[in-house]
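J.:
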Amino acid sequence: MIRVRNLGEADRIVTLYTKERGKLNTVARGARRIRNRLLSPTQVFTHGRYLIFPGKGLHNLSQADIVHSGQAIRDDLEKFAYASYVTELLDALTAEEDPTDRIFPLLAATLSMGEGGRFKLAVRAFEIRLMRELGYEPELYQCLHCRQTLKSNVSFTEQGGALCEKCVGHVPGSMSLTNGTWELMKRLLEWEFSRLTVLHPDTSNETELRRVMRSYLDYRLEYPLKSLDFLETLQGLTP
Ligand SMILES: [Zn+2]
Numbered sequence: 000m001i002r003v004r005n006l007g008e009a010d011r012i013v014t015l016y017t018k019e020r021g022k023l024n025t026v027a028r029g030a031r032r033i034r035n036r037l038l039s040p041t042q043v044f045t046h047g048r049y050l051i052f053p054g055k056g057l058h059n060l061s062q063a064d065i066v067h068s069g070q071a072i073r074d075d076l077e078k079f080a081y082a083s084y085v086t087e088l089l090d091a092l093t094a095e096e097d098p099t100d101r102i103f104p105l106l107a108a109t110l111s112m113g114e115g116g117r118f119k120l121a122v123r124a125f126e127i128r129l130m131r132e133l134g135y136e137p138e139l140y141q142c143l144h145c146r147q148t149l150k151s152n153v154s155f156t157e158q159g160g161a162l163c164e165k166c167v168g169h170v171p172g173s174m175s176l177t178n179g180t181w182e183l184m185k186r187l188l189e190w191e192f193s194r195l196t197v198l199h200p201d202t203s204n205e206t207e208l209r210r211v212m213r214s215y216l217d218y219r220l221e222y223p224l225k226s227l228d229f230l231e232t233l234q235g236l237t238p
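The opening residue of the sequence shown carries number 0 in numbering that gives the first Met the number 0; numbering runs sequentially from there.
#1: On the CB-based measure, 16 or more other CB atoms within 10 Å of its CB, does TYR255 come out buried or exposed?
#2: On a Cα-Cα basis, can you pick out the residue from GLU164, SER39, PHE125 that is closest to TYR84?
#3: Do the CB positions of VAL43 and THR25 come within less than 8 Å of each other?
#4: Exposed or buried, what is ASN5 when buried is set at 16 or more other beta-carbons lying within 10 Å of its beta-carbon?
#5: For ARG11, is the classification buried or exposed, using 16 other Cβ atoms within 10 angstroms of its Cβ as the cut-off for buried?
#6: Start and end of the beta strand (DSSP E) containing ILE72?
#7: Can you tell me where the beta strand (DSSP E) with PHE125 in it begins and where it stops?
#8: Could you check whether the Cβ of GLN147 sits closer than 7 Å to any heavy atom belonging to ligand 1?
#9: Can you list, in chain order, the residues of its chain whose CB lies under 8 Å from that of LEU143, leaving out five sequence neighbours each side?
#10: Relative to the C-alpha of ALA82, which residue among THR99, GLU95, LEU105, GLU221 is closest?
#11: Whole beta strand (DSSP E) runs in the region 41 to 91 with 3 or more residues, listed along the chain?
#12: Which residue spans inside the region 154 to 182 form an unbroken beta strand (DSSP E) run of at least 3?
#13: Would you say LEU162 touches ligand 1, meaning its beta carbon is less than 7 Å from a heavy atom?
#14: Give a yes or no on whether the C-beta atoms belonging to ILE51 and ASN59 are separated by under 8 Å.
#15: How about LYS150: is its Cβ closer than 7 Å to a heavy atom in ligand 1?
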């Protein structure tokens, strides 16, 4: 459940990211009525099993069972803000009914790690892995421009790759990358997701990575994300 909007007096328009079909826009009739069986399973960040009938434009969501309620995320302003960013980013970068196998487990793992208190790191892992699944995998080992193997003094371009010292002047939109942040990016991309919680990066690496990922994502986004403003209004939580 990545986006929920009200429709009319009692209905909800619900956007789901499904394992089998990717993103789907559905309508849940009567879902805002008290005692309606769709009321709680159609809340944002809920993981569930849904029975959906195809419709023209919007599909019809008719039955639902909760697998994981996501209540702990909705009850915590900070977690809610991070989860809103994750789902808005996913919504902005994916088309309807264009499934990619590894995105559903990535979303579930990110929300789970965030719910466990590690959203700051989980969102960075989500960003870099989502880009890979969408075909924009960043090149971290060879210079994107001249293809030589990189050792140190690396920069990163918004176009999605690392650059050597000689090429940095030839590629617009590049930022220098400390070795610590460069290593962190490799781990966030390559390690098993469940292992990432052992990482405790320095604030300086976290800040640098956040800026680098922001320019890399903004290069692919057509419009600014509303959830970023929300995160920025929470003190010390600039994404
Ligand atoms: Zn180069």
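All C-beta atoms in this analysis are idealised placements derived from N, C-alpha and C, irrespective of residue type, glycine included.
T.: This is what the structure gives:
#1: Here the chain comprises residues numbered 0 to 238, so residue 255 is not present and cannot be evaluated.
#2: If you number the sequence shown from 1, residue 84 lands on position 85. Among GLU164, SER39, PHE125, the Cα nearest to that of TYR84 is on PHE125.
#3: Within the sequence shown, the letter at position 44 stands for residue 43. Within the sequence shown, the letter at position 26 stands for residue 25. No, the Cβ-Cβ distance between VAL43 and THR25 is not below 8 Å.
#4: Start at 1 with the first residue of the sequence shown, and residue 5 comes out as number 6. Burial call: exposed.
#5: Stepping through the sequence shown from its first residue, residue 11 is reached at position 12. With 16 or more other Cβ atoms within 10 Å, it is buried.
#6: The count along the sequence shown starts at 1 and reaches residue 72 at position 73. Run containing ILE72: none in the beta strand (DSSP E); it sits in the alpha helix (DSSP H), 70 to 73.
#7: For the purposes of this step, residue 125 is taken as the residue at position 126 of the sequence shown. Looking at the DSSP string, PHE125 is not in any beta strand (DSSP E); the run it does join, the alpha helix (DSSP H), is 118 to 132.
#8: For the purposes of this step, residue 147 is taken as the residue at position 148 of the sequence shown. True, at least one ligand heavy atom lies under 7 Å from that Cβ.
#9: Numbered from 1 along the sequence shown, position 144 holds the residue referred to as residue 143. Once the five neighbours on either side are set aside, the close Cβ partners of LEU143 are THR156, GLN158, GLY159, GLY160, ALA161, LEU162, CYS166, VAL170.
#10: As a working note, residue 82 is residue 83 in the sequence shown. Of the listed residues, the one whose Cα sits closest to ALA82 is LEU105.
#11: 46 to 52, 58 to 67
#12: 160 to 162, 173 to 176
#13: Here residue 162 refers to the residue found at position 163 of the sequence shown. Checking every heavy atom of ligand 1 against the Cβ of LEU162, one is found closer than 7 Å.
#14: Position 52 of the sequence shown, counting from 1, holds the residue named residue 51. Position 60 of the sequence shown, counting from 1, holds the residue named residue 59. The answer is yes: Cβ separation under 8 Å.
#15: Looking up residue 150 in the sequence shown gives position 151. No, the beta carbon of LYS150 sits no closer than 7 Å to any heavy atom of ligand 1.
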